[in-house]
Every structure is written in structure tokens, then in C-alpha cells.
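Okay, structure first, notes after.
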Amino acid sequence: MDGIYGPLIQNAVITRQQNIRELEVTGYVDPDTWMSLGFQCEVRPKLAQYIVRPGILSMKL
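Just so we're aligned, residue 5 is where the sequence shown starts under our numbering, counting upward by one.
Next comes the structure, spelled out in C-alpha cells:
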């Protein structure tokens with residue numbers, strides 16, 4: 005692994021998710037996928053997303 009999430013890593017994640025029936029096949033390393041690899045993780049609280057446009061500031065939760 006080189007730290008770049010490209011097609012090879014995405015295919016590996018999808019293969020892992022397909023092999024573990026309890027996992028949803030998304031191609032993303034979500035907490036369930038991470039824990040299936042033997043790691044412990046804590047779910048982070050939802051973060052606010054800010055969208056900045058010229059002359060306008062809005063917040064999307």
C-alpha cells in the first residue's frame with residue numbers, strides 16, 4: 005500500500021467486503037470494514053460541511 009486510494013486499493017476493499025457477508029459492498033473503508041481487518045476504531049461525530057461561494061456563506065449539515 006502506498007497511501008494512494010486508487011483503483012487497486014478500491015478493488016481490494018470491494019473484494020474484502022464481498023468475502024465478508026455482513027459487510028455492505030461500497031468500496032469505501034467504513035468502520036465495519038476497518039474492524040473486519042482486526043482494527044479497533046471509534047465512530048467520529050458527524051462534522052459540519054461548509055460551502056463557500058462568492059458573496060454567500062452557507063452551512064450544510
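Backbone N, C-alpha and C fix where the C-beta goes; we use that ideal spot for every residue, glycine too.
Q) What number of angstroms, rounded off, separates the C-alpha of Y54 from the C-alpha of P35? A) Counting from one through the sequence shown, the residue named residue 54 turns up at place 50. Counting from one through the sequence shown, the residue named residue 35 turns up at place 31. Going from the Cα of Y54 to the Cα of P35 covers about 24 Å.
Simplified DSSP assignment, three categories, for I24: As a working note, residue 24 is residue 20 in the sequence shown. It is coil, neither helix nor strand.
With a threshold of 16 other CB atoms inside 10 Å of the CB of Q22, please say whether the residue is buried or exposed.
Here residue 22 refers to the residue found at position 18 of the sequence shown. A residue is called buried when at least 16 other Cβ atoms come within 10 angstroms of its Cβ; Q22 does not meet this threshold and is exposed.
- Task: Indicate the three-state DSSP secondary structure (helix, strand or coil) for Q14 in the structure shown.
- Result: Here residue 14 is taken as the residue at index 10 of the sequence shown, counted from 1. Helix.
**Request:** Whole angstroms is fine: what's the gap from F43's alpha carbon to R57's?
**Result:** Here the question's residue 43 lines up with position 39 in the sequence shown. Here the question's residue 57 lines up with position 53 in the sequence shown. The alpha-carbon atoms of F43 and R57 are separated by roughly 39 Å.
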